[in-house]
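Number of protein chains: 2
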Amino acid sequence: MSLLVVGSLALDTIETPFGKVDDALGGSATYISTASSYFASPVNLVGVVGGDFPKSGIDFLQSRNIGTDGIETVADGKTFRWGGRYHYDLNVRDTLFTDLNVFKEFDPKIPAAYTTSKYVCLGNIDPVLQRRVLEQIERPKLVVGDTMNFWIEGKRDELLKTIALLDVLIINDSEARLLAGEANLFRAAKKILALGVNILIIKKGEHGALLITGSTVFSAPAYPLENIFDPTGAGDTFAGGFIGYLAKTDDISVENLKKAVIYGSTMASFCVEQFSLDALRDLTYLRIQDRYREFRALSNFEE
Amino acid sequence: MSLLVVGSLALDTIETPFGKVDDALGGSATYISTASSYFASPVNLVGVVGGDFPKSGIDFLQSRNIGTDGIETVADGKTFRWGGRYHYDLNVRDTLFTDLNVFKEFDPKIPAAYTTSKYVCLGNIDPVLQRRVLEQIERPKLVVGDTMNFWIEGKRDELLKTIALLDVLIINDSEARLLAGEANLFRAAKKILALGVNILIIKKGEHGALLITGSTVFSAPAYPLENIFDPTGAGDTFAGGFIGYLAKTDDISVENLKKAVIYGSTMASFCVEQFSLDALRDLTYLRIQDRYREFRALSNFEE
Numbered sequence: 001m002s003l004l005v006v007g008s009l010a011l012d013t014i015e016t017p018f019g020k021v022d023d024a025l026g027g028s029a030t031y032i033s034t035a036s037s038y039f040a041s042p043v044n045l046v047g048v049v050g051g052d053f054p055k056s057g058i059d060f061l062q063s064r065n066i067g068t069d070g071i072e073t074v075a076d077g078k079t080f081r082w083g084g085r086y087h088y089d090l091n092v093r094d095t096l097f098t099d100l101n102v103f104k105e106f107d108p109k110i111p112a113a114y115t116t117s118k119y120v121c122l123g124n125i126d127p128v129l130q131r132r133v134l135e136q137i138e139r140p141k142l143v144v145g146d147t148m149n150f151w152i153e154g155k156r157d158e159l160l161k162t163i164a165l166l167d168v169l170i171i172n173d174s175e176a177r178l179l180a181g182e183a184n185l186f187r188a189a190k191k192i193l194a195l196g197v198n199i200l201i202i203k204k205g206e207h208g209a210l211l212i213t214g215s216t217v218f219s220a221p222a223y224p225l226e227n228i229f230d231p232t233g234a235g236d237t238f239a240g241g242f243i244g245y246l247a248k249t250d251d252i253s254v255e256n257l258k259k260a261v262i263y264g265s266t267m268a269s270f271c272v273e274q275f276s277l278d279a280l281r282d283l284t285y286l287r288i289q290d291r292y293r294e295f296r297a298l299s300n301f302e303e
Numbered sequence: 304m305s306l307l308v309v310g311s312l313a314l315d316t317i318e319t320p321f322g323k324v325d326d327a328l329g330g331s332a333t334y335i336s337t338a339s340s341y342f343a344s345p346v347n348l349v350g351v352v353g354g355d356f357p358k359s360g361i362d363f364l365q366s367r368n369i370g371t372d373g374i375e376t377v378a379d380g381k382t383f384r385w386g387g388r389y390h391y392d393l394n395v396r397d398t399l400f401t402d403l404n405v406f407k408e409f410d411p412k413i414p415a416a417y418t419t420s421k422y423v424c425l426g427n428i429d430p431v432l433q434r435r436v437l438e439q440i441e442r443p444k445l446v447v448g449d450t451m452n453f454w455i456e457g458k459r460d461e462l463l464k465t466i467a468l469l470d471v472l473i474i475n476d477s478e479a480r481l482l483a484g485e486a487n488l489f490r491a492a493k494k495i496l497a498l499g500v501n502i503l504i505i506k507k508g509e510h511g512a513l514l515i516t517g518s519t520v521f522s523a524p525a526y527p528l529e530n531i532f533d534p535t536g537a538g539d540t541f542a543g544g545f546i547g548y549l550a551k552t553d554d555i556s557v558e559n560l561k562k563a564v565i566y567g568s569t570m571a572s573f574c575v576e577q578f579s580l581d582a583l584r585d586l587t588y589l590r591i592q593d594r595y596r597e598f599r600a601l602s603n604f605e606e
C-alpha cells in the first residue's frame with residue numbers, strides 16, 4: 001500500500017567516541033522513508049531542502065524507490081543542519097547546533113498524486129504542520145505521528161489537537177512521562193490513550209519498546225548490541241520499519257501490530273551499528289528476516 | 304528437589320508515599336524462601352535472628368512449609384533491622400538505618416540434613432560467608448548467588464572467588480555495569496561470564512530482566528504494573544521464584560531457565576503490589592499460572 005512520509009531532510013554533523021561525520025544525510029523523513037522502503041512501495045516523501053542539498057542525497061532516495069516529487073527545493077536557501085556530540089555513554093548527547101534554515105518556513109504541500117496515500121507517517125515537526133498535512137489527505141487508513149519534548153512543552157495545546165487525529169503515537173519514555181505528567185509508564189500510557197489516540201508506542205532505547213492499546217500491552221525487547229556506533233536516527237528508523245511493514249501487509253490487527261513493532265526494532269538495531277544512515281543503504285530483506293527471527297528467540301518462551 | 308536458602312532475616316521499617324510499616328518481616332532469605340515455597344519442597348532456611356524476633360515470623364515461615372531448623376537464635380542479641388524511605392518515584396530510595404545487630408557475627412552453619420541440598424540460593428551476604436556455605440554442601444546441582452554494590456566495591460577479590468563457584472549470578476543492571484566496569488550491558492555480561500559463572504541474570508526493574516549464557520540471550524518483560532506500593536524484596540522474590548521453579552522441575556535446560564526467569568518475574572510482580580511480604584502470604588498456584596500466561600501474551604509474537 002502507498003505510504004506518505006512527511007518530515008525533515010537534514011545534513012547532520014555527528015561526533016561519537018568512535019568518529020565524526022560532517023553534512024551526512026539525515027532528518028526524520030530521510031530515516032523513516034529509507035527504513036520503510038525495505039517493506040512498502042510506493043513510499044513518497046514530502047519535505048524541504050536548500051539549494052545546497054547534494055544531488056547524491058536525492059539520488060540515494062530515488063535508488064530506494066522513494067518518490068521525491070514532494071521535496072521542495074528553496075534554491076537560495078540552506079538545508080536544515082543539525083550537529084550533535086555523543087558521550088562515551090551513548091545515552092548522553094549534546095546538541096552542538098540546530099540551524100533550521102529553510103525548514104523554518106516549511107509549509108508541507110502534498111502533491112495531488114500523494115493525497116490518496118493509505119498510510120501516513122508524520123515525522124517530528126510542528127504539530128500545526130502535522131495537522132496541515134492531514135487536511136490534505138483523503139481518508140488514510142492509518143496515521144502514525146512522532147513528536148518530541150520541544151512540542152510537548154512549547155505547543156502543548158496544538159499538540160493535543162494533533163494527537164487526537166492520530167491512530168498511532170510514537171514517543172520515547174521520557175516524552176510519555178512528560179506528556180502525561182505521570183512517572184509510572186503504564187499509568188502515563190492510559191492517560192495518553194485518553195487523549196484520543198488508539199495505539200501508543202513507547203520507545204525505551206536499550207530497554208526495547210512497548211505497544212499499548214486500550215486492551216493490549218506488548219513488550220518488545222531490545223536487540224543485544226555490544227557495539228553501538230551512532231544512535232542518530234534510531235527512533236525514526238523504528239517508525240519507518242513499523243509503518244513500512246504495516247503498509248506492506250495492509251493489516252492493522254493487534255497481532256500484526258506486534259510484528260510491526262519487532263520489524264521497527266529490527267531496523268533500528270541495524271541503524272545504530274553504523275554511522276548516520278549508512279547501515280540502511282544496503283540491507284537485504286533476508287538479513288532483516290534473520291534478525292526478526294533472532295528477536296523471536298530473544299523473547300519467546302514456552303507455555 | 305530440596306532447596307537451601309541462606310541469607311538475612313530482618314525486621315524492616317518501610318516508608319513509601321502510600322504508607323509506613325514498622326518491624327515488618329523482611330530480609331533476603333525470608334523473601335527468597337517464601338517465594339520459592341510456592342514451587343519447591345522442601346525449602347530450608349539458614350540464617351540468624353535475635354531474641355526479639357517475633358514468633359509470628361517463624362510461624363509464618365513454617366506455615367509455608369519452610370524448614371526453620373537452620374535459623375540460629377542469639378537470645379541476648381537483636382535481629383538485623385533495616386529502614387528505608389521511597390520517594391514518589393519509587394526508583395529512588397533513602398536508607399534510613401542499617402543495624403546489622405546479630406547479623407554482623409553471622410557464621411552460617413548448615414544442619415547435616417541440609418548438606419545434601421541439590422539447589423542452593425545464596426542471598427546477598429558477605430562473599431566470604433557465601434563460600435563458607437558452599438564448603439559445607441555436598442555436590443549441589445545448581446548454586447544461585449546474589450550480591451550488591453557494597454561487596455563489588457568493598458570486597459571485590461573475595462567476591463570474584465565466590466562468583467567463580469556459582470552457576471547463576473543474579474544482579475541488577477547498575478551492579479553489572481559496576482562489576483564489569485563497562486557501560487554497555489551486553490559487553491558487561493560477556494565480561495562477567497568470563498569470571499567463571501555460567502548463567503547471568505540481570506534485573507532491570509521496570510524494564511524486566513535478561514538471562515545471558517555463553518550462547519543465549521533472553522529478554523523477559525516487566526509486568527505492566529500501574530500501582531507499585533513497595534519495591535522492597537522484589538529482587539529476592541525474583542530469585543526465589545526463579546530457583547523455586549528450577550528446583551520444582553529439576554530441569555536446568557535453557558528453555559526451562561527462560562521459564563524460571565518468567566516465574567521469578569511473576570513472583571516479583573506480585574511482591575511489589577503490597578507492602579513488605581504481604582502479597583506473598585496467600586498467593587495460589589492458580590494465580591501464579593494466570594500471571595505467567597499474561598507474561599506470554601505480553602512478550603510472544605508470531606513468526
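Residue numbers (the numbering used here), protein chains in the order written: chain S, 1 to 303; chain G, 304 to 606. All C-beta atoms, glycine included, are put in the ideal place defined by N, C-alpha and C.
Residue environment, residue 398(G), which counts as buried when at least 16 other CB atoms sit within 10 Å: Within the second sequence, residue 398(G) is the residue found at index 95, counting from 1. Exposed.
Cut-off 6 Å between Cβ atoms - residues of its own chain near residue 73(S), not counting five sequence neighbours on either side: Counting from one through the first sequence, the residue named residue 73(S) turns up at place 73. For residue 73(S), same chain residues with a beta-carbon under 6 Å away, outside a window of 5 residues either side, are 49 in chain order.
Inter-stretch contact at 8 Å, needing at least 3 Cβ pairs: the segment 284–298 of chain S / the segment 540–549 of chain G: Not touching, per the Cβ criterion.
Length at least 4, wholly inside the segment 106–190 of chain S: the alpha helix (DSSP H) runs in chain order: Runs found: 127–135, 149–154, 156–163 and 173–180.
Whether residue 130(S) touches residue 110(S) by CB criterion (8 Å): Residue mapping note: residue 130(S) aligns to position 130 of the first sequence, counting from 1. Residue mapping note: residue 110(S) aligns to position 110 of the first sequence, counting from 1. Inclusion of residue 130(S) and residue 110(S) in the CB contact set at 8 Å is not warranted, their separation being larger than that value.
For residue 349(G), the three-state DSSP class (helix, strand or coil): Locating residue 349(G) in the second sequence gives position 46, counting from the first residue. Assigned with DSSP and collapsed to three states, residue 349(G) falls in strand.
Against chain G: residues of the segment 262–280 of chain S by CB proximity under 9 Å: Listed by position along the chain: 262.
Residue 89(S): contacting residues in chain G (beta-carbon distance under 7 Å): On the first sequence, position 89 is the one that residue 89(S) refers to. 486, listed in chain order.
Residue interval of the beta strand (DSSP E) (run including residue 220(S)): For the purposes of this step, residue 220(S) is taken as residue 220 along the first sequence, with counting starting at 1. Looking at the DSSP string, the run of the beta strand (DSSP E) that includes residue 220(S) is 217–220.
Residue from 430(G), 374(G) and 486(G) with nearest C-alpha to residue 468(G): The residue labelled residue 468(G) in the question sits at position 165 within the second sequence. If we check each option's Cα against that of residue 468(G), 430(G) comes out closest.
Burial state of residue 221(S) (16 or more Cβ within 10 Å): Translated into positions along the first sequence, residue 221(S) becomes position 221. When all chains shown are included, residue 221(S) counts as buried.
DSSP-derived helix/strand/coil call for residue 506(G): Mapped onto the second sequence, residue 506(G) falls at position 203. In the structure shown, residue 506(G) sits in a strand (DSSP, three-state: E or B).
Expected contact under 8 Å - CB spacing of residue 223(S) and residue 38(S) to nearest Å: If you number the first sequence from 1, residue 223(S) lands on position 223. If you number the first sequence from 1, residue 38(S) lands on position 38. Here residue 223(S) is actually not in contact with residue 38(S); their C-beta atoms are around 16 Å apart, not less than 8 Å.
Host beta strand (DSSP E) of residue 86(S) (start-end): The residue you call residue 86(S) lines up with position 86 of the first sequence. Where residue 86(S) is concerned, the enclosing beta strand (DSSP E) stretches over 80–86.
Short CB-CB distance (under 8 Å) between residue 403(G) and chain S: In the second sequence, counting from the first residue as 1, residue 403(G) sits at position 100. It does not; no Cβ of chain S falls within 8 Å.
Near the ligand ATP: residue 367(G) beta-carbon under 7 Å from a heavy atom: No copy of the ligand ATP occurs in the structure displayed, which carries no ligand at all.
Neighbourhood of residue 261(S) by C-beta distance below 7 Å, restricted to the same chain and skipping five residues each side: As a first step, residue 261(S) must be located in the first sequence, where it is residue number 261. Around residue 261(S), the same chain offers 201, 209, 211, 218, 220 and 242 as residues with beta carbons nearer than 7 Å, after the five sequence neighbours per side are excluded.
Distance CB(residue 329(G))-CB(residue 306(G)) smaller than 8 Å: Looking up residue 329(G) in the second sequence gives position 26. Looking up residue 306(G) in the second sequence gives position 3. Result no, Cβ atoms of residue 329(G) and residue 306(G) do not sit closer than 8 Å.
Range covered by the beta strand (DSSP E) that runs through residue 400(G): Position 97 of the second sequence, counted from the start, is the residue given in the question as residue 400(G). Start and end: 396–402.
Proximity test, Cβ basis, 8 Å: residue 475(G) and chain S: The residue you call residue 475(G) lines up with position 172 of the second sequence. No - not a single Cβ of chain S is within 8 Å of the one on residue 475(G).
Neighbourhood of residue 548(G) by C-beta, 6 Å cutoff - its chain only, sequence neighbours within 5 removed: Numbered from its first residue, the second sequence carries residue 548(G) at position 245. Excluding residues within five positions, the ones whose Cβ falls inside 6 Å are 342, 563 and 566.
Given residue 416(G) as reference, the closest of 572(G), 326(G), 345(G) and 530(G) once Cα atoms are compared: Here residue 416(G) corresponds to residue number 113 of the second sequence, with the count starting at 1. Residue 345(G) is the option with its Cα nearest to residue 416(G).
Residues bridged to residue 262(S) [DSSP beta-bridge criterion]: Taking the first residue of the first sequence as position 1, residue 262(S) is located at position 262. DSSP output for residue 262(S) lists no bridge partner at all.
Whole-angstrom distance between residue 170(S) and residue 290(S), CA atom to CA atom: Residue mapping note: residue 290(S) aligns to position 290 of the first sequence, counting from 1. Residue mapping note: residue 170(S) aligns to position 170 of the first sequence, counting from 1. Straight-line measurement puts the Cα of residue 170(S) at about 25 Å from the Cα of residue 290(S).
Rounded C-alpha distance that separates residue 374(G) from residue 466(G): Along the second sequence, read from residue 1 onward, the residue named residue 374(G) stands at position 71. Along the second sequence, read from residue 1 onward, the residue named residue 466(G) stands at position 163. Annotation: residue 374(G) to residue 466(G) spans about 25 Å, alpha carbon to alpha carbon.
For residue 125(S) and residue 36(S), believed in contact at Cβ under 8 Å, the rounded distance: Looking up residue 36(S) in the first sequence gives position 36. Looking up residue 125(S) in the first sequence gives position 125. At roughly 17 Å, the Cβ-Cβ gap does not stay under 8 Å, so residue 36(S) and residue 125(S) are not in contact.
Neighbourhood of residue 354(G) by C-beta distance below 8 Å, restricted to the same chain and skipping five residues each side: Counting from one through the second sequence, the residue named residue 354(G) turns up at place 51. Taking C-beta separations shorter than 8 Å and ignoring five residues to either side along the sequence, the partners of residue 354(G) in its chain run 376, 377, 378, 379, 380 and 381, following chain order.
Residue 605(G) versus residue 258(S): straight-line alpha-carbon distance, rounded: For the purposes of this step, residue 605(G) is taken as the residue at position 302 of the second sequence. For the purposes of this step, residue 258(S) is taken as the residue at position 258 of the first sequence. Taking the straight line from one Cα to the other gives about 8 Å.
Rounded C-alpha distance that separates residue 388(G) from residue 575(G): Within the second sequence, the letter at position 85 stands for residue 388(G). Within the second sequence, the letter at position 272 stands for residue 575(G). Going from the Cα of residue 388(G) to the Cα of residue 575(G) covers about 15 Å.
Residue of 54(S), 121(S), 179(S) and 63(S) minimising C-alpha distance to residue 146(S): Counting from one through the first sequence, the residue named residue 146(S) turns up at place 146. Per the Cα distances, 121(S).
Buried versus exposed, by CB contacts within 10 Å (16 or more), residue 394(G): For the purposes of this step, residue 394(G) is identified with residue 91 of the second sequence, where counting begins at 1. It counts as exposed.
Span separating the alpha-carbon of residue 104(S) from that of residue 569(G): Along the first sequence, one-based indexing puts residue 104(S) at 104. Along the second sequence, one-based indexing puts residue 569(G) at 266. Take the alpha-carbon of residue 104(S) and the one of residue 569(G): they are about 50 Å apart.
Short Cβ contact (8 Å threshold) for residue 233(S) with residue 88(S): Position 233 of the first sequence holds residue 233(S). Position 88 of the first sequence holds residue 88(S). Residue 88(S) is positioned such that its CB atom lies no closer than 8 Å to that of residue 233(S).
Residues near residue 65(S) in its chain [Cβ-Cβ closer than 8 Å; skip 5 each side]: By 1-based counting over the first sequence, the position of residue 65(S) is 65. Shown here for residue 65(S): same chain residues with a beta carbon closer than 8 Å to its own, the five before and five after excluded, namely 37, 41, 42 and 43 in chain order.
Close-in-space but distant-in-sequence residues of the same chain around residue 371(G) (CB under 7 Å, 5 per side omitted): One-based indexing of the second sequence puts residue 371(G) at position 68. Excluding sequence neighbours, residue 371(G) sits near 348, 361, 364 and 365.
CB contact below 8 Å: residue 524(G) versus chain S: As a working mapping, residue 524(G) is identified with position 221 in the second sequence. True, the Cβ-Cβ gap to chain S drops below 8 Å.
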